[in-house]
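Please read the structure below before turning to the comments.
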Amino acid sequence: MELKIARWESKGLRCPDGIVNLKKDGFKRFNFIQMPNGTGKTTYLELIQAALSGSLEGADGTTIGKYYLHSNPSDESFFETDVECNSEKITFKIEFDFDTEACINKSENNNSKVKYITSYAAGGGEQLPGYKPPRDIRRMLHSEFVKLFVFDGEFARKLFDSTESRAFQCLDSICQLNIFDKMVKATNVYYKKLVIETDRSSAKTGAGVTKAVNKKETYEKKIEELQKILSEGEIELKRIDKEVSNINSEINEDTSLGGNLKKKAQDKKNIVDSLDKEYNKVTQDYFDIIKNPVNLHKKFISSLNILQENLYRLKIPASATRAFFEELTDEKECICDREMNKESKDAINRNKEKYFDEDRASIYNKLKSDIRDKLNAKDFDVDVLSRKTEEFQKLNDQRAEAETDLQVALEELKMSAPKNLANKMTKREMLIKERGEISKKIEEIRSDIETDVKKTKSIKILKNAIKEQEKIIQEVQSNILLGEDINRIKALCENSKKDIKQGLKKSIINQCNNKLAEIFKGTKKIQIEDIEEHISLYKQAGGSEGQQLTTGILYLSILLGRENCNFFTIFDSPCGPIDQHVRVDLSEPIVTLVKKDGQFITFVQSSERSYFTTTIESAVDENKIFYLTIYDKDRFSEEEIPSLPKDKTVETKNAFFVLDKVFFNNFSPKINKAESNL
Amino acid sequence: MFRLIKDNRNWFKGISKNFSTLFDMYYLCLMMGLAANHKGDDPDSGDLIEYWPTEYASYSNFIIGLILIAEARGKGINIKEKSSTTEHLNTFLDSEELSRLSLKKGFKEANRYANGGCEIMMQKLEPPHYLGEFLKRYQELLREEVNKNKNFN
């Protein structure tokens, strides 16, 4: 893939207004752009990076605001660049909308924004809103990737800095090894969403399973005990019933008892049984009466009557519903024959809120009519509860009395009975008592509604608790398995990345060293020893600064070459801090490194020409070099500037753009101390 | 949703076998709360059902009416005045709900009365063991509470 930059244009930003056209006389292999310090070289570099990578899309206002031009604000601010990707033109434009006040006051609350516009032939040639490069180049324009071909000396130097990990980061970006990091991140997110951020979070360890299993076993044991009580209780009840029945038969058949006493006891027993039956029925009826609230108190009746009467009197709900008025507004005329104009419609729409919708009206109607109808029904008996209470009380008293009579009769019978028969009667009493206790225990289990699983005797509640624990066990086990799978995937990603990186590293070191052997010979010979987080050179801490930069550029170009990328390179201020005598260590190799059909763009200041651009000039055909000098208007006196070639000069709002080799090589304005610190 | 918290349900444990639905307990508590004009906290657990059980369906308008009266009197709403009465009904009732009680106020205040009613019973009655005996004491206590309650005087 070939990528060249054809032009860029900026307006109203912290760099000169105007157009830099690198394709004016066809693409050149070397492009020297000379700009004095403080003219906006770094801004150009950042804006080119931002335009290509879309990195300002969604950036905060303060980041955007730093491009605001304080000295000479403009109504319009934008940066636009054309690149050619395999000869197809792609235009990226960033339109700036500055929060002027915040920019001027350097406020932290800056609401500056940008708008990206993209256009290219395959996209229909239209201006597409947003950062939308063609799909096939998009991954190559990732912000980390763009830094590999649009960079400054600082970036290249970081490749050798042991405190940085740039060298490996570049490898990750170009070879897309960071896809493994993304996979690890994605699995972490998946696990977090599925387990950690859900109520399953407490149940993801082996200890969780043990706890749930123990609880389940406790509940199962409890159910077993309760079921044992039930089944043994049932058997006991049958046994007791049979025994009582046998004793009854024996007592009945025994002729030693007085017939009258026996009959009396039986009669008393029959009365108690009959009253018990009646008691149960009356109690049920009693509850049914209480279930109707108006039976509870006459004041409830009077209050409800007042409520329904008021609802009728106030006409709640009104006979017309909201729907009637909604339909009315659709008519041409109102029901009073007046025209249904906007004013009328508004009034109806405003007032219709006072009326209910049909459903609401229906429940209000039912409320008032139901109360009225039921309270005024002929069969409504206001005294039903007091009568039933009286009946219940009477029955209760009768029952208690009958029970006492029975006990007395039985005692009399026992007293008159021979000893063995009296013993049988005592035994019968004990059996009946025992039966009562067993029945009570069974009833406690069957009717328990205690929901606390630690206290309950309800088998149903315990079974539900077991299901809960089984669910937890299943979740814990699946969580553990999931956790293990996640760890396996992570280890697989990390190891794969490590292995691939080692293989790649070896191959890249070989390629770099072969090329370095061609470039630096004799005493200047340098070789890469290793590339870990940074590049380390063989048997020496560094090479000259020029050699380091050359190695850095070589490293980046080999990485780009692996992806079959012939990309333009922009190198800002390569020789700024480099002594003149080692600059050739950089300039000479660059001539070798830049491909014949490549595009090398460098921003320099006049002091960087010596042994850098001059060396390249002497090694390269003049037609292969583009010269441009850009400087701010009104910054230098006429004496400081060589005479301007008018036909090769473009004057813009705030700068001169001079496209001339001679001017380029003679441009050496004196920069005062204050400016040189800019 | 009608709600009755666990502790309140457990208080009825001695007679719970006589109940055909858990709502029986709720009803007894609710009526006691209305009778005594006593509300407890709005419970956040103990879901029962969101409609009137069959046995209570035909009395539901009476119960709703009593809630409306208690709340209107408690808040000083004049039920002889149309707009305030209409607003009161609109607040407590909702035609979308199966019970016709609105979620925000209708259910909420009913549940608070039920909670409060159970508090009264716990204070003034022994935990029940026999339904008949309990019902007799229940209706006596309820009458006493209504007689003291200004909402129904």
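Read top to bottom, the protein sequences are chains A and B. Each step along the first sequence adds one to the number in numbering that gives the first Met the number 0, with nothing skipped, and position 243 is 242. Each step along the second sequence adds one to the number in numbering that gives the first Met the number 0, with nothing skipped, and position 26 is 25. For glycine and all other residues, C-beta sits at the position ideal for the given N, C-alpha and C.
C-beta atoms of L384(A) and I289(A) nearer than 8 Å: yes
Extent of the continuous alpha helix (DSSP H) run through W10(B): 5-10
Within-8 Å CB hit, Q122(B) to chain A: no
Beta strand (DSSP E) segment containing N20(A), residue limits: 17-20
Contacts of I78(B) in chain D (Cβ-Cβ under 9 Å): This model lacks chain D altogether, as its protein chains are A and B.
Per-residue burial, K413(A) [other beta carbons within 10 Å of its own, 16 or more giving buried]: buried
CA nearest to the CA of N187(A), picked from D659(A), C492(A), M0(A): C492(A)
8 Å Cβ cutoff, Q392(A) in contact with chain B: yes
Rounded C-alpha distance that separates A540(A) from E531(A): For A540(A), the predicted model reports a pLDDT of 47, less than 50, meaning its position is unreliable and no value from the coordinates is stated.
Start and end residues, beta strand (DSSP E) containing S9(A): 1-10
Contacts of V680(A) in chain B (Cβ-Cβ under 7 Å): Absent from the structure is residue 680(A), since the part of chain A shown begins at 0 and ends at 677.
Within chain A, the residues that E54(B) reaches when beta carbons sit closer than 7 Å: K290
The region 58-67 of chain B touching the region 98-110 of chain B, judged by at least three CB pairs closer than 8 Å: yes
Three-state secondary structure assigned by DSSP to E94(A): strand
Alpha carbon of S83(B) to alpha carbon of Y129(B), nearest angstrom: 45 Å
Cβ contact check for the region 28-38 of chain A and the region 604-613 of chain A: 3 or more pairs under 8 Å: yes
Alpha-carbon to alpha-carbon, K453(A) and C28(B): 26 Å
Proximity test, Cβ basis, 8 Å: S15(B) and chain A: yes
Any 3 or more C-beta pairs closer than 8 Å across the region 548-556 of chain A and the region 587-595 of chain A: yes
Contacts that R359(A) makes with chain B (C-beta to C-beta distance below 9 Å): L88, N89, L92, D93, S94
Test: L236(A) CB closer than 8 Å to a CB of chain B: no
Inter-residue spacing [alpha-carbon to alpha-carbon] between E517(A) and I527(A): 14 Å
Where F650(A) falls: helix, strand or coil (DSSP): One detail in the question is off: residue 650(A) reads as Glu in this sequence, not Phe. If DSSP states are grouped into helix, strand and coil, E650(A) belongs with the strands.
Y26(B) at chain A interface by Cβ criterion, 8 Å: yes
Under 8 Å from the C-beta of Y50(B): neighbouring residues of chain A: None at all; the shortest Cβ gap to chain A is about 14 Å.
Under 7 Å from the C-beta of D378(A): neighbouring residues of chain B: Those do not exist, as D378(A) stays about 14 Å from chain B at its closest Cβ, beyond 7 Å.
Residues near F133(B) in its chain [Cβ-Cβ closer than 7 Å; skip 5 each side]: I14, P127
Runs of alpha helix (DSSP H) wholly within the region 283-351 of chain A (minimum 4 residues, chain order): 297-312, 321-327, 341-350
Short CB-CB distance (under 8 Å) between I68(B) and chain A: yes
Residue-level contact to chain A via CB, L130(B), 8 Å cutoff: yes
Residue burial classification, M429(A) (beta-carbon count within 10 angstroms, cutoff 16): exposed
Length of the line joining the Cα atoms of N622(A) and K27(A): 8 Å
Host alpha helix (DSSP H) of K365(A) (start-end): 357-374
Helix, strand or coil at Q579(A) according to DSSP, with G and I counted as helix: helix
Exposure of P42(B), with buried meaning 16 or more beta-carbon neighbours within 10 Å: buried
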